[in-house]
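Let me begin by presenting the structure, written as structure tokens, before commenting on it.
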Amino acid sequence: MKIAVVKEQAAGERRVAATPETVKKFMALGADLAVEAGAGVTASIADADYITAGAAVADRAQTVAGADIILGVQGPAPDSLAGAKPGAWIVASLNPFGERERIDAYAAAGWEALAMEFMPRITRAQSMDILSSQSNLSGYKAVLDAAYEYGRAFPMMMTAAGTVSAAKVFVMGVGVAGLQAIATAKRLGAQVSATDVRAATKEQIESLGAKAIFVEHVAGIEGEGKGGYATEMSEEYKAAQAELVSGHIAKQDIVITTALIPGRPAPRLISDAQLATMKPGSIIVDLAVEQGGNVEGAVPGEVVERHGVRIVGHRNVPSRLAADTSALFSRNLYNFLSAFWDKEKNAPVLDEEIGSAIRLTQGGKVVNERLLG
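Numbering (my numbering), first residue to last: 1 to 373.
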């Protein structure tokens, strides 16, 4: 069983799909590891570290030649995988809805593409969940990016020259990223509030010491979709939420938006008119900018200014903390493959529940129901 770890080709991608730690663990299972030269450099891992762990380090062609499993952070280009075995697994974050042509190419080549972002949110798969592990650090980094752009201090400071007021931070969307953003902003001394369409998150917000901002008196609104994700809301709820948010964000110094709906464009949370009510010098960090953005006027990969408000739209935020996100991502991959490792076959064998959820291609065809509907 040969597992190949490829160097990321996407612009700005600094993460790597295996670390020396997980290389050793895979080898302990009985696998042979090959790592493409330079794969870990941008995540602060030298080729020598992989060699010390027991992996072979070679160029791309040698790395993928005869590979049974290919690990990546983002889906590798199909034409760069020549030499992999027929039926080889490609295990990565594959962006199935945005990169459909690439998925079709995997199918045509006879490879089995496994999309880690489709991992079901069930108890036994928590340690395999790349969305959670990467979002956690994204929420943390969003607050640091806001602090960098903000021209003032976060905590209240009482000095002989007078008092500096605490920054007011509002987090919109309280999933994994949002909860970490709340916790980080609180650690920095900010006055924090947060909102979400899912009623169940109110207790989570308050448990972190933040103020929960929720729409009241709109019957039957829970906002909880399959797997704990948010769902589209009624027009009545959207109108009530817009009114509530408009009054609240006008008083905020920093707003961090994290709202995403799987397989759909990011919901619009802040309009240009609402931006215009914010104080000059205020900061918004839009973590959903690459999926269309929660904020009107946000630009992927740029920091722009509208109405005196700076809107931060960094791409691929997890990659901005590449060493730590790589460590977590690679453990997710190891936890996934090792959970299904058959010692007699010296290979992983997926069960139906998880296999059918994440398998995109098999036997030369696209087979995932979410892509066939």
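Cβ coordinates follow ideal geometry from the N, Cα and C atoms, glycine included.
For residue j and residue i, the rounded distance between their alpha carbons
i    : j    : result
R378 : Q274 : With the chain covering only 1 through 373, there is no way to say anything about residue 378.
N294 : S326 : 26 Å
G119 : D32  : The sequence shown places Met at residue 119, not Gly. Roughly 25 Å separates the two Cα atoms.
A161 : K211 : 30 Å
A4   : D145 : 34 Å
E8   : R14  : 7 Å
I130 : R331 : 9 Å
V289 : V312 : 9 Å
G220 : V164 : For G220, the predicted structure reports a pLDDT of 45, less than 50, and the residue's modelled location is therefore unreliable. A value from the coordinates is still provided. G220 and V164: Cα-Cα distance of roughly 42 Å.
S138 : T63  : 31 Å
K279 : F154 : 16 Å
P76  : V6   : 8 Å
Buried versus exposed, by CB contacts within 10 Å (16 or more), residue i
i    : result
R102 : buried
M156 : exposed
E36  : buried
I69  : buried
P78  : buried
T437 : Examination of residue 437 is not possible in this model, given that the chain is present from 1 through 373 alone.
K2   : buried
D253 : buried
K343 : exposed
F340 : exposed
Local conformation of residue i per DSSP, three classes
i    : result
F170 : strand
V299 : coil
R60  : helix
R359 : strand
L350 : coil
S165 : coil
L81  : coil
A53  : helix
V5   : strand
I70  : strand
S93  : strand
C-beta atoms of residue i and residue j nearer than 8 Å
i    : j    : result
Q180 : Y140 : yes
T277 : E112 : no
L114 : I270 : no
M116 : V91  : yes
Q74  : S44  : no
I182 : V197 : no
Contact with chain B by residue i, beta-carbon distance below 8 Å
i   : result
A55 : Note that chain B does not occur in the displayed structure, where there is just one protein chain.
Residue i: CB within 7 Å of a non-hydrogen atom of the ligand FMN
i   : result
A61 : In terms of ligand content, the structure shown is empty, and the ligand FMN therefore cannot be addressed.
Inset, instruction - Would you mind listing the alpha helix (DSSP H) stretches within the region 239–319 that are 4+ residues and don't spill past its ends, in chain order? - result: 272–275
Legend entry - Every unbroken beta strand (DSSP E) within the region 116–204, with a cutoff of 3 residues, ordered by chain: 157–159, 162–164, 168–172, 191–195
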